[in-house]
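One rule links them: number in the working numbering = place in the sequence shown (from 1) + 8.
Where a beta carbon is used, it is the ideal one built from N, C-alpha and C, also for glycine.
Data block below; observations after.
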Amino acid sequence: MITMFSKSRQGWVTHSRATEMRFPAGECHIKTDATAEETPLYLYLTGTDANDYVTAGMWIDYAHAAGHEVKALIPYLPGARQDRGVPFGAKVYARLINAMDADEVVCFDPHSEVMPGLVEKLRIVDSDTVIAQVLRKRIGDYAGVICPDQGARTRTEKTAATLGLPVYYASKRRDFATGKLSGFECEALPDTGKFLVVDDICDGGGTFRGLAGATGLGKERLDLWVSHGVFSGNAAALNEHYGTIFTTDSHPGAANPGVGAHVTPLIPYLLEGSTR
Numbered sequence: 009m010i011t012m013f014s015k016s017r018q019g020w021v022t023h024s025r026a027t028e029m030r031f032p033a034g035e036c037h038i039k040t041d042a043t044a045e046e047t048p049l050y051l052y053l054t055g056t057d058a059n060d061y062v063t064a065g066m067w068i069d070y071a072h073a074a075g076h077e078v079k080a081l082i083p084y085l086p087g088a089r090q091d092r093g094v095p096f097g098a099k100v101y102a103r104l105i106n107a108m109d110a111d112e113v114v115c116f117d118p119h120s121e122v123m124p125g126l127v128e129k130l131r132i133v134d135s136d137t138v139i140a141q142v143l144r145k146r147i148g149d150y151a152g153v154i155c156p157d158q159g160a161r162t163r164t165e166k167t168a169a170t171l172g173l174p175v176y177y178a179s180k181r182r183d184f185a186t187g188k189l190s191g192f193e194c195e196a197l198p199d200t201g202k203f204l205v206v207d208d209i210c211d212g213g214g215t216f217r218g219l220a221g222a223t224g225l226g227k228e229r230l231d232l233w234v235s236h237g238v239f240s241g242n243a244a245a246l247n248e249h250y251g252t253i254f255t256t257d258s259h260p261g262a263a264n265p266g267v268g269a270h271v272t273p274l275i276p277y278l279l280e281g282s283t284r
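Here is the structure:
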């Protein structure tokens with residue numbers, strides 16, 4: 009999904025008057041005949057549809073032709089989990105993003121360092137300060153942050169430090185041939201208090217259901233933060249294990265009504281948020 013934002017002659021930031029269209033042969037395009045009095049500013053791109061990236065490139069080309077600079081806010085980097093092997097999906101998607109020719113690309117809590125290293129003019133907004141802002145009235149409810157696996161270690165340790173909470177570690181095993189998860193374990197947790205599980209992506213939710221079982225805690229003592237809520241498959245079953253599920257609007261799956269997550273709009277954080 010792509011949303012394009014411009015500044016009007018009156019100084020208001022509003023949706024661009026450019027209109028998406030397709031030629032009969034199927035090519036993406038935009039109509040710009042109603043845009044003469046606007047100044048293109050930024051676009052917000054969620055999901056993974058390659059056609060949206062082509063349309064974004066068209067809008068950026070229109071903006072550059074008029075002498076304007078444009079930010080591309082792409083919180084969920086498509087292909088970020090395809091960061092190894094052949095085909096090298098992260099590289100293919102990075103080339104698509106680079107071809108848009110944005111003046112700056114902004115992403116949120118990328119899966120690993122691999123794809124960010126391939127995207128040009130990239131600025132990264134980390135999740136820890138966003139979590140702290142979203143949960144500012146709830147931080148006192150938590151006794152700690154749980155790291156679900158080795159891949160989440162850096163993310164959860166930084167979040168725990170920002171929240172001023174201890175971190176507790178869990179682990180799992182994955183059969184890469186089948187994708188099946190097993191062997192969930194979690195270190196001993198205090199007898200009282202709630203815990204916040206923190207990770208970047210939730211797809212079907214198997215990792216977080218298995219982790220919840222390993223903690224031995226009921227949903228009244230577990231909450232979940234995932235920066236990117238894909239929420240596919242049986243993700244709605246997470247409600248059996250977590251009292252509150254937090255995510256952002258970085259992916260259309262966040263709106264899955266079966267999950268009922270608390271969804272944080274990211275545009276303000278991507279425009280002005282903490283970076284690295």
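- Specify, as a first and last residue, the run of the alpha helix (DSSP H) that E280 falls within. That run of the alpha helix (DSSP H) goes 275–280.
- By the 10 Å Cβ neighbour count, where 16 or more other Cβ atoms means buried, how is H37 classified, buried or exposed? Flag for H37 reads exposed.
- Task: With a floor of 4 residues, list each alpha helix (DSSP H) that falls wholly inside the stretch 151–198, ordered by position along the chain.
- Result: List check, alpha helix (DSSP H) in window: 161–171.
- First and last residue of the uninterrupted beta strand (DSSP E) at G237: Residues 230–237.
- Message: Looking at the secondary structure, which residues open and close the beta strand (DSSP E) in which F31 lies?
- Response: For F31, there is no enclosing beta strand (DSSP E), as DSSP marks it with neither H nor E.
- Item | Beta-carbon proximity of G152 to F216, cut-off 9 Å | Cβ distance not < 9 Å, so G152 and F216 don't count as in contact.
- Task: Would you identify the three-state DSSP class for Y50, choosing helix, strand or coil?
- Result: If DSSP states are grouped into helix, strand and coil, Y50 belongs with the strands.
- Task: Kindly indicate which residue of K145, L51, R17 has the alpha-carbon position closest to the one of Y287.
- Result: This structure leaves residue 287 out entirely; the chain is present only between 9 and 284.
- Item | Per-residue burial, T27 [other beta carbons within 10 Å of its own, 16 or more giving buried] | exposed
- N247 versus A73 - alpha carbon distance: Roughly 49 Å between the two C-alpha positions.
- Can you grab the Cα-Cα spacing for the pair T63 / P265, in whole Å? Cα-Cα distance, rounded: 28 Å.
- Taking the alpha carbon of D91 as the point to measure from, which residue in P118, G75, A107 has its own alpha carbon closest? P118
- Query: When you compare only the Cα positions, how much space is there between W67 and H270?
  - Reply: 31 Å
- What are the partner residues of N207, as DSSP defines its beta bridges? Reading off the sequence shown, one finds Asp at residue 207, where the question assumed Asn. Bridge partners of D207: V234.
- Can you find at least 3 beta carbon pairs, one from the stretch 120–139 and one from the stretch 103–112, that sit closer than 8 Å? A contact between stretches requires three or more CB pairs, one per stretch, nearer than 8 Å, and the stretch 120–139 meets this requirement with the stretch 103–112.
- Query: Would you call the stretch 101–108 and the stretch 77–87 touching, i.e. three or more CB-CB distances under 8 Å?
  - Reply: Enough Cβ pairs lie closer than 8 Å, so yes.
- Cβ-based neighbour list, I275, same chain, cut-off 7 Å, excluding 5 preceding and 5 following: Same-chain partners within the cutoff: Y52, L81.
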